[in-house]
Amino acid sequence: MSNAHSIPFRAILRHLLLIVGASIMLAPFIWMISTASKPQTEVFSSELHLIPHQFALWDNLREAFAKANLLRFLLNGVIVTVSIFVLQVMVALPAAYALAKLRFLGRETLFALVLFGILIPPQATAIPVFLLLHEVGLLDSYAALVLPFTISVFGIFLMRQFFKTVPDDLVDAARMDGISEFGIVWRVMLPAAIPAVTAFGIFSVVAHWNDYFWPLIVLNSEQLRTPPLAVAHFRNNEAGTSYGPLMAAAMVIIAPLVIAFLFAQRRFIEGITLTGIK
Amino acid sequence: MSDGSMTIDAAVVPARTARRTQPAHGSRRTYAAYALVTPAAALMLVMLLGPLAGVIALSFTDYQLGAPHFSWIGLANYQDLFADKVFWTALRNTLTYVVIVVPGAVVAGLAIALLIQSGTSLRSLYRTIYFLPVMATLIAMAVVWEFMLHPQFGLVNGLLRNAGLPAFAWLQDRSTALYALCAIGIWQAVGFNMVLFLAGLVSIPKQLYEAAEIDGASSGWARFRLVTWPMLGPVTTFVVVISGIRSFQVFDTVHVLTKGGPSKSTEVLIHTMYTEGFEFFRSGYAAAITVVFLVFVLALTLIKSRLADRGVHYT
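Chains as they are written, first to last, in UniProt numbering: chain A, 1 to 278; chain B, 1 to 315.
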């Protein structure tokens with residue numbers, strides 16, 4: 001075969017393989033939307049068809065919203081993920097600045113502990129933290145969902161690395177202007193660190209919006225449920241009977257992050273890669 | 001990744017002595033430094049390091065939530081654990097899951113990254129599609145997978161039937177359930193690995209390919225074997241270890257789809273720990289399971305830093 005032919009052939013093969021893979025990756029999403037758009041009779045038919053004969057998406061969505069307080073659960077998700085992120089930044093940023101730019105006794109030890117902390121998987125501390133929250137009577141509350149994650153050693157590490165690249169002259173100039181060390185953190189370092197903070201924010205929000213383990217452990221009350229718990233409960237209550245509304249509920253739960261991702265996918269992927277590498 | 005830069009930063013200690021010559025500024029700034037790190041240090045102690053010590057200490061007690069007393073029982077929890085068939089089943093299943101998901105997600109991630117990078121068209125579209133499962137809440141997608149694997153009305157069996165192949169009760173059959181969970185695990189992890197490999201591919205200098213071509217490496221396979229694969233070494237190590245650590249933590253799909261069944265065929269370590277610790281409130285026993293889990297994860301991390309140190313020499 002001549003060279004002129006082999007190049008388009010390779011391009012076609014490349015697309016063919018990628019399209020086959022992509023359809024496997026997309027299959028659950030497509031099947032979810034398809035099932036969420038079908039009436040009960042079509043869901044329980046052994047004949048496969050993607051496009052519903054009778055379009056029932058609105059009915060299924062209405063039923064999902066009627067059976068589970070989905071708006072409330074989405075709001076819980078927003079409250080929890082935003083609180084976690086804001087508190088993480090408030091705690092981590094000053095520490096990261098001190099570790100990067102200030103000298104004090106114990107700095108090396110503290111940084112070593114930060115590095116050690118990165119190695120600890122979240123499940124490892126679950127039992128003692130649960131007992132602690134039980135002891136102080138905070139189980140089954142927003143506080144139980146948020147407090148354990150207010151410290152992100154990874155956030156400290158990431159922002160410290162970033163602050164290292166900020167020139168000392170900038171910090172010294174701010175000091176000459178009479179800005180206090182606290183002021184420097186928020187008025188000089190935070191604006192300089194916006195890319196790092198954004199990347200960390202994406203990582204943090206994705207991790208906590210999707211987290212199932214911790215909310216499952218500390219929550220009892222229905223009104224505090226986070227989105228993943230809501231789907232799990234919906235499934236347990238409706239198991240095997242109403243797949244249409246269940247798929248509609250799943251759609252609603254993944255929608256906020258997936259839509260945000262589709263709009264800003266480059267930023268999301270960069271943020272996740274930057275922060276996911278530990 | 002940044003292990004290298006850390007050691008360099010740690011070497012900047014002498015600067016401290018220079019600062020000591022300006023006591024007025026230095027001391028005020030030192031107070032500020034302590035004020036700035038105190039919240040983080042305190043929270044680290046209460047939420048991370050204390051609990052870590054706590055879980056190890058608890059593993060030597062018979063503590064049960066709600067019980068009035070507890071006592072130190074030495075290694076008894078570990079003896080019970082190692083005598084418990086469920087623990088060994090959970091450990092074996094976890095290792096099986098890791099051994100299937102890690103190579104699956106790493107090889108597929110690399111293959112997809114190479115395919116995307118080998119042409120110029122539609123790169124960003126493919127990248128977005130393959131990354132989508134990483135973003136979508138795993139619990140919601142697990143519920144979708146459950147319906148796709150439904151014995152009668154699921155897509156998978158429907159396609160198999162159309163192709164004239166036998167159908168399975170995937171999640172209800174003890175011979176297939178764990179593998180079905182592995183497939184979901186790979187599906188979810190591939191996109192993340194792909195992105196890491198893409199980042200690695202982009203950073204390979206073009207001159208290396210040109211040099212290889214001059215030296216007679218004309219076929220794509222030769223270029224891959226001589227340039228791409230060695231240059232991706234550190235990224236590959238990293239991806240393998242991260243995938244390993246993540247697979248060790250498998251819980252969500254097990255808890256929602258199978259609860260460890262049928263007949264313990266999908267019981268995994270974190271699920272056993274969850275059941276013992278948070279359903280039966282046998283905190284001491286669950287802590288012992290956690291310690292075993294920690295040992296495995298830390299061993300993986302150690303292997304990673306060892307290999308990463310070696311990798312530094314040829315990058």
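Glycine included, each C-beta is placed from N, C-alpha and C at the ideal position.
Because the structure is a prediction, the values reported are computed rather than measured.
When the beta-carbon positions are compared, residue 49 of chain B and residue 113 of chain A come within less than 9 Å of each other. Within the same chain, 192 come within 6 Å of residue 166 of chain A by CB-CB distance, once the 5 residues on both sides are set aside.
Note on residue 201 of chain A: 16 or more other CB atoms within 10 angstroms of its CB, so buried under the neighbour-count rule. With contacts defined as CB atoms closer than 9 Å, residue 69 of chain A and residue 247 of chain A fail to qualify as a contacting pair. DSSP, reduced to helix, strand and coil, places residue 61 of chain B within a strand of the structure shown. At a cut-off of 4 residues, the continuous stretches assigned as alpha helix (DSSP H) that sit fully inside the region 194 to 227 of chain B are 206 to 214, 220 to 223. Comparing C-alpha distances from residue 60 of chain B to each of B/81, B/40, B/217 shows the shortest one belongs to B/81. By the Cβ neighbour-count rule, residue 212 of chain A is buried, with 16 or more other Cβ atoms within 10 Å of its own.
Residue 186 of chain A is outside the set of residues whose beta carbon lies under 9 Å from a beta carbon in chain B.
Counting along the chain, residue 123 of chain B sits inside the alpha helix (DSSP H) bounded by residues 123 to 135.
When the beta-carbon positions are compared, residue 209 of chain A and residue 145 of chain A stay at least 9 Å from each other.
Interface flag for residue 41 of chain B against chain A is set, since a Cβ pair is found closer than 9 Å.
Residue pairing by DSSP places residue 72 of chain B opposite B/61 in a beta bridge. Spanning the alpha carbons of residue 238 of chain B and residue 182 of chain B requires a straight line of approximately 21 Å. In this structure, the CA atom of residue 104 of chain B is about 51 Å from the CA atom of residue 30 of chain B. By the C-beta density criterion, residue 275 of chain A is buried, having at least 16 other C-beta atoms within 10 angstroms. Residue-level contact by beta carbon holds for residue 181 of chain A and chain B, with a gap shorter than 9 Å. Cβ-Cβ distances below 7 Å link residue 260 of chain B to 254, 266, 267, 271 in the same chain, with the five nearest sequence neighbours on each side left out; the list follows chain order.
Here residue 220 of chain A carries a coil assignment [DSSP, helix/strand/coil]. Looking only at A/194, A/177, A/236, A/180, the smallest Cα-Cα distance to residue 142 of chain B is reached by A/236. Per the C-alpha coordinates, the member of B/175, B/225, B/145, B/210 positioned closest to residue 188 of chain B is B/145. Contact between the region 153 to 161 of chain A and the region 88 to 99 of chain A is present: 3 or more CB-CB pairs across the two stretches fall below 8 Å. The alpha-carbon separation between residue 135 of chain A and residue 42 of chain A amounts to approximately 51 Å. Boundaries for residue 186 of chain A: no alpha helix (DSSP H) harbours it, and the DSSP string shows neither H nor E there.
With a contact defined as Cβ atoms closer than 8 Å, residue 177 of chain B and residue 258 of chain B qualify at about 6 Å. Between residue 185 of chain A and residue 75 of chain A a beta carbon distance of about 31 Å is seen, past the 8 Å cut, so the two are scored as non-contacting. Within the region 119 to 144 of chain B, the residues whose Cβ lies closer than 8 Å to some Cβ of chain A are 119, 121, 122, 124, 126, 127, 128, 129, 130, 131, 132, 133, 134, 135, 136, 137, 138, 139, 140, 141, 143, 144, listed in chain order. Distance from the CA atom of residue 222 of chain B to the CA atom of residue 211 of chain B, rounded to whole angstroms, is 12 Å. In this structure residue 78 of chain B is in contact with residue 288 of chain B, their Cβ atoms being roughly 5 Å apart against a cut-off of 8 Å. For residue 175 of chain B, the secondary structure class from DSSP, reduced to helix, strand or coil, is coil. Shown in chain order are the members of the region 183 to 194 of chain B whose Cβ falls below 8 Å from a Cβ of chain A: 187, 190, 191, 192.
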